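Beneath this line is the structure, given in structure tokens, with notes to follow.
Number of protein chains: 2
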Amino acid sequence: MSIREDKPTADVPPSPGRRKFLNSAALAGLAGAGLSVGLSACKQEQAPATTAPAEAPKPAVAAAHGAMDPHRTPGQLDDYYGLWSGGHTGDVRVLGLPSGREIHRIPVFNPDPLVGWGITNESKKIMGTKADGSLQYTVADTHHVHASYKDGTYDGKYAWVNDKINGRMARIRLDTFECDKIVDIPNIQGFHGIFPDKRDPVDANINYTTRVFAGAEFSLPLPNDGTGMEDTAKYRSLFTCVDAEKMEVRWQVLIDGNCDLVATSYDGRLAATNQYNTEMGAKYEDMMSAEKDACLFFNVARIEAAVKAGKFKTYGDSKVPVVDGTREANKDPKTALTAYVPVPKNPHGVNASPDGKYFICAGKLSPTATVIDLAAVNGWFEGAVKDLKEAIVAEVELGLGPLHTAFDGRGNAYTTLFLDSQVVKWNVDAAIKFYKGDKNVKYVVDRIDVHYQPGHINASMSETKEADGKWLAVGCKFSKDRFLPVGPLHPENEQLIDISGEKMKLVAEHPVRPEPHDFIIFKRDKIKTRQVYDINEFPNAVKDIKESRIERKGNKVTVYLASFAPAYSMREFKVKKGDEVTIVLTNLDKVEDLTHGFAIPKYNINFIVNPQETKSVTFKADKPGVYWAYCTHFCHALHLEMRSRMIVEK
Amino acid sequence: MSIREDKPTADVPPSPGRRKFLNSAALAGLAGAGLSVGLSACKQEQAPATTAPAEAPKPAVAAAHGAMDPHRTPGQLDDYYGLWSGGHTGDVRVLGLPSGREIHRIPVFNPDPLVGWGITNESKKIMGTKADGSLQYTVADTHHVHASYKDGTYDGKYAWVNDKINGRMARIRLDTFECDKIVDIPNIQGFHGIFPDKRDPVDANINYTTRVFAGAEFSLPLPNDGTGMEDTAKYRSLFTCVDAEKMEVRWQVLIDGNCDLVATSYDGRLAATNQYNTEMGAKYEDMMSAEKDACLFFNVARIEAAVKAGKFKTYGDSKVPVVDGTREANKDPKTALTAYVPVPKNPHGVNASPDGKYFICAGKLSPTATVIDLAAVNGWFEGAVKDLKEAIVAEVELGLGPLHTAFDGRGNAYTTLFLDSQVVKWNVDAAIKFYKGDKNVKYVVDRIDVHYQPGHINASMSETKEADGKWLAVGCKFSKDRFLPVGPLHPENEQLIDISGEKMKLVAEHPVRPEPHDFIIFKRDKIKTRQVYDINEFPNAVKDIKESRIERKGNKVTVYLASFAPAYSMREFKVKKGDEVTIVLTNLDKVEDLTHGFAIPKYNINFIVNPQETKSVTFKADKPGVYWAYCTHFCHALHLEMRSRMIVEK
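Line by line, the protein sequences give chains A and B.
Sequential numbering from 8 applies to the first sequence in my numbering.
Sequential numbering from 8 applies to the second sequence in my numbering.
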């Protein structure tokens, strides 16, 4: 058994183990399989790296060298909110930035015993249940979280997040930071990319989010009912549009290839997904056999007109209209619903530049980024541009394993290099000039080592027209030796970089539970929260202690309780063995932050009620005896004494 | 609906809202009930407060004034581990200190969809299942986490944590930071305090932890089978001893009153619990009607002799021997198993001083701390001390709502004042002198405001003979306005104080998901982790890709799979609708930190395998069709392409 050696406390140089790790881990299997998949070194080095060369790198500690200070003194608030997806913890996390402190976790797809998410009747209704009342699913894999827009920037109303495992989309209210709706997307598996639109493609008055797009990765027999399973070349994937307000699926598009990420244009006309596996392979070797995949664009207005005109199919039990967006069916630009812009194979990530002009696809297996001119894509749909390849205004080398791109609002892009474990800062206009032929242009502005294997990246307000170029966060998939060892499962490493100047400066790193994928960072003034509920919003609220009561109908018993520190309104209540008991609990305390809990031993019940909130639980009283329900959420000097005695009579 | 006003970014003075909050929230209900429960102001102010008076307090920002720097530069490791209980999230969290960064969360009593805790067969066996194979419980409430000892300090082997809701105790291995055993404690509800012993009471060679003690809060009819429910005065509570290695219950003691916290002596002879509700009341007014409760001591050697001699009962289905530790049955010191040392009513917290001499009970409803001389308690059991009151060597006023106490190894104690929202530093020897009559002695050394309503407190190595007096962490139950608003549910606030000097200095605050209760802080060199598993420890391991196979016995199918980035060893596998499928997955990657995940859409399956680890899941293949199992844990440039196709034939 390997025992990890203790390490000195002083600054630990991240190498040479760092480069060794790249070889042994990130490339493991690839090399083993004898594959060369475009992983040749970057041929054109545009600018010297900011860190020392690989042989003797030094830690990129910048905090002391004029960088902005990420730390907060006690009582000092953060300047930005961060919304971080939780990956296979199934939640969304709220960070304060630049401190990196986690100020909230929002249970979404998975149960949360603290809040009572998946335990209370109200949350089970949102999450979805089987016929027997138990939860439909208790696992999920959230990847991408994006927020609603108005006038090209965040309006602080909603955020959406996907569940890749079970193909669901959830909405989070940004006034209470709670999930309020979850929708199942039919006909798909591996729902990955998600992005809200920024305005309506037709109605100029709708300059805010009304649709959320979803890209499915895995292609399937359609319908997936146990037939047509053998011929994988006939499997297909779908791109989906969900109504942002109603949270219902509006339409789907049948496509070739597997969707990865999603981006939307500032004019509302285009949505796109970068694609891999346009080969329609079932094994990874096949999925990367072709030299080109695509960035697939959707003409939203045309798709909706086609649906309106009844030009759609449905699959299986689903009633969702599905239009045909395959390559074969969309050859004529004048009627095409989709446009497949060729990009180097297996790209990973598509991001909209804050000036509204470009989508940028990162190469992953190609060391390049591809800059796509949206005006040219619209021009192709309009017949003004002949060849979709004309939309490609740059395809430049950045380094090994480019994955995702963020922006500073000053014309620069920041792309993660997974295999190089770097972030590269590059100028988009310069890259376009270079690609046009001016080989003297230096488009790479700066490089910085990160630790290690970065995936998603985002900058403050980067996904809006208000990109402010202050802070860059980098989600590093491996932390290796950057934190105290905690056994085989490592935290991941969210690193924070000051991008306010010419050079990037690494200022802090924060361990996180695996595994955040995507995240957004927005100014605190975008958010207006409700810190105390309105008791009138809950139809079953117990608005006064005097309303506490027990109602019985046959063997169905409802116990109406209220909490008011340090007591529940009934110190005891009696039910009979075999009863179906519903407990309705209103927290009558009005003071902000004065939350109460309610747990019943042996009955698997625990939830909280925030000030002026009402929740309910239902269970069968199947065990006779005394059960002390108690407050689990420290509330008062007499918190320990805050109990109610459930007496279950034989 | 109340909309929270935005706050300026600059340092926010925590008052006058701070004091107002104390009145309106912490005392809510108490005042309303017209009760005066010993909450009179502290009569003797021993030293001036370090902060300004209540009328115009200033923030206690100290980081810039010569305090130790809690921040880490990128790559710089922390000096200490912190083990934090998670409260009703049911987990244990691992922090790095002084940075306060969460480096791990250990799933314990509740399912964790990231790890697959509660999903894999291996974890379900530890957690406990019902007859139908589903989990016995999915909620829990962890309060106190304490670690194993050798020679009076931590040996880095185990930690234990309680579940208050369902009366369970869990063990965590500190080499892998994983839960490996959970034991149900019979005959109890509301298991609250927990503490391992520090050496054997009889065998001097056993100078390490072999027992873990558990105090139950709620008293019950015994057995709790639906009989004897009316006469609450006859309800009783139990104190429990668990075998540290076997994780089986060794014995229980029937007692008067409700157990709160637990402490153990360095000589191994004594365990104790501070008690409230020696009145045996069922409502909080009754629970605090008497002027005195007790710190209840257990003579471990005598209890074990009594068990050996067969002087015990059992209750209901439980076979655990229960000895009689009630006051009535233990009047003769020479034979007594227990000793009830009187302390002011409803104390909260009992802590062992690192010099081995004292247990300190904090008053909660009394503004005092009581210092109990362990030599005198042992003396009472031996007949050398007549009256247990002689064991009380100090009972001094500290402030309003004293709850818990930590130590610096230099003779000073640090006690949280819940109602005053302060930490008070006081000298134990000075307090003893003052109590003896020397009223000129100033035992209060310093006070500092914290934010807000502090509960547990602990200092680096404070619970060992190696208390080093560097850092003090304070678990504040309310954070109110200290972090960006995130809706009605607030984070709690773990504040960090530099105690290396005479004056305490508040240097950082960290928001945490509710709600950590207790925690311990220990030097990093106490821990030697295993960062990669030994494949040979898993009897069902698939040790080579060639061992991948499908075995069928009737409708029971076992799929033996291996992962090796970026692929699973079988790209597809077929089962039939109705099969009971078990998937065994070994991660053959050996590189530290190279974890893979395994999720199956619509089948509610997700778990991870760390390097060289094997896990299994079992489910019914009840839906025909194609299901793409995929890797959920970013592992490789071709991570997205890492899949296996489960084909469920009709």
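Each residue gets a CB set at the ideal place from its N, CA and C atoms; glycine is no exception.
A quick note: this is a predicted structure, and the numbers were derived from the prediction, not measured.
E12(B), buried or exposed, once every other Cβ within 10 Å from all chains shown has been counted against 16:
For E12(B), the pLDDT reaches just 36, beneath the cut-off of 50, and the residue's location in the model is therefore unreliable, leaving the point undetermined.
- Query: CB-CB under 7 Å to K609(A), same chain, minus the five flanking residues each way: which ones, in chain order?
  - Reply: When the five nearest sequence neighbours on each side are left out, the beta carbons in the same chain lying within less than 7 Å of the beta carbon of K609(A) are those of K630, Y634, in order along the chain.
Mapping DSSP to helix, strand and coil, what is M75(B)?
-> coil
Query raised in the report: Taking Cβ positions only, does H411(A) come closer than 9 Å to chain B?
Result: no
Item checked: Rounded straight-line distance, which links the Cα of A420(B) to that of N173(B) -> 33 Å
Subject >> Nearest-angstrom Cα separation, counted from L601(B) out to A35(A) >> reply: The predicted position of A35(A) is uncertain, since its pLDDT is 42 and thus under 50; no value can be drawn from it.
(message) Using the Cβ count rule (16 or more neighbours within 10 Å means buried), how would you classify S651(A)?
(response) buried
Just how far apart, CA to CA, sit V330(A) and L344(A)?
9 Å
Within 8 Å, do at least three Cβ pairs link the stretch 267-274 of chain B to the stretch 317-332 of chain B? no
*Let me know the secondary structure DSSP gives V598(B) once reduced to three states.*
Coil at V598(B), not helix or strand.
- Query: Rounded to a whole number of angstroms, what is the C-alpha to C-alpha distance between D532(A) and L84(A)?
  - Reply: D532(A) and L84(A): Cα-Cα distance of roughly 12 Å.
Need the endpoints of the alpha helix (DSSP H) that I310(B) sits in, please. Note, I310(B): alpha helix (DSSP H), 307-315.
In the DSSP assignment, find the alpha helix (DSSP H) that holds A391(B) and state where it starts and stops.
Taken as a continuous stretch (DSSP letters only), A391(B) belongs to no alpha helix (DSSP H), as it is neither H nor E.
For P105(B), would you say it is in contact with chain A, using Cβ-to-Cβ distances shorter than 9 Å as the test? Answer no: the Cβ-Cβ gap between P105(B) and chain A never drops below 9 Å.
*Cα separation between S47(A) and A644(B)?*
A caution first: S47(A) carries a pLDDT of 33, below 50, which makes its placement in the model too unreliable to give a value.
**Study point:** Uninterrupted alpha helix (DSSP H) stretches inside the stretch 418-472 of chain B (no shorter than 4 residues)
**Key:** 435-443
### Query
What residue does the beta strand (DSSP E) around D98(A) start on, and which one ends it?
Membership of D98(A) in the beta strand (DSSP E) is indicated by the continuous run 98-104.
Please work out which residues of its chain come closer than 7 Å, Cβ to Cβ, to D380(B), disregarding the five sequence neighbours upstream and downstream, and give them in chain order.
K364, Y365, A398, V400
**Study point:** Whether I654(A) touches T625(A) by CB criterion (9 Å)
**Key:** Note that the C-beta distance between I654(A) and T625(A) is not below 9 Å.
Query - Under 8 Å from the C-beta of L513(B): neighbouring residues of chain A - result: P81
K584(A) versus T333(B), W124(B), T234(B), residue with shortest Cα-Cα distance:
T234(B)
For Q259(B), which of T285(B), L229(B), E237(B), V168(B) has the nearest alpha-carbon? Minimum Cα distance to Q259(B) is reached at L229(B).
Worksheet item: Quick one: what's got a C-beta closer than 7 Å to K164(A)'s C-beta in the same chain, skipping five residues either side?
Response: S155, L181
Next on the checklist: Could you check whether the Cβ of R276(A) sits closer than 8 Å to any heavy atom belonging to the ligand HEM?
Outcome noted: Within the structure as shown, the ligand HEM is missing, as the structure has no ligands at all.
Query raised in the report: Whose C-beta lies closer than 7 Å to the C-beta of M295(A) among residues of the same chain, with five residues either side of it excluded?
Result: V44, K352, N353, L372
Quick check: L513(A) and D456(A), are their CB atoms within less than 9 Å of each other? yes
* Contact with chain B by F202(A), beta-carbon distance below 9 Å -> Taking Cβ atoms only, chain B never reaches closer than 9 Å to F202(A), which makes this a no.
Cutting at 6 Å between CB atoms, please list the residues of its own chain near K14(A), excluding the five before and the five after it.
In this prediction, K14(A) scores a pLDDT of 37, lower than 50, which makes its location untrustworthy; the coordinate-derived value is nonetheless stated afterwards. Answer for K14(A): no residue qualifies.
Q: Give every residue of the same chain whose Cβ lies closer than 8 Å to the Cβ of G125(B), excluding the five residues on either side of it in the sequence, and list them in chain order.
A: Spatial neighbours of G125(B) in its own chain (CB-CB distance under 8 Å, excluding positions within 5 residues in sequence) are listed in chain order as P114, N117, P118, D119, K131, M134, L142, T145.
Measuring alpha carbon to alpha carbon, tell me which of K290(B), L592(B), G386(B) ends up nearest S555(B).
The residue with the shortest Cα to Cα distance from S555(B) is L592(B).
- request: Pull out every residue of the stretch 617-646 of chain B whose Cβ sits closer than 9 Å to any Cβ of chain A, in chain order.
  value: N617, P618, Q619, E620, K630, P631, G632, V633, Y634, W635, Y637, T639, H640, F641, C642, H643, A644, L645, H646
| said: I'd like to know whether the C-beta atoms of D148(B) and P105(B) end up nearer to each other than 9 Å. | reply: no
_Mapping the DSSP letters down to three states, classify G41(A) as helix, strand or coil._
Residue confidence for G41(A) is low, a pLDDT of 31 falling below 50, so the modelled location carries little weight; the figure read from the coordinates is stated next. Looking at G41(A) - three-state DSSP - the assignment turns out to be coil, as it is neither helix nor strand.
Requested in this report: For H78(A), return the contacting residues in chain B, with the cut-off set at a CB-CB distance below 7 Å.
Outcome: H78
Item to check | Residues of its chain near P361(B), where Cβ-Cβ distance is below 6 Å and the 5 sequence neighbours each way are ignored | outcome: F414, G416, K472, A474
Helix, strand or coil for F28(B), going by three-state DSSP, please let me know. Low confidence applies to F28(B): its pLDDT is 39, below 50, so where it sits in the model is not reliable, and the reading given next is rough at best. Residue state, collapsed to three classes: helix.
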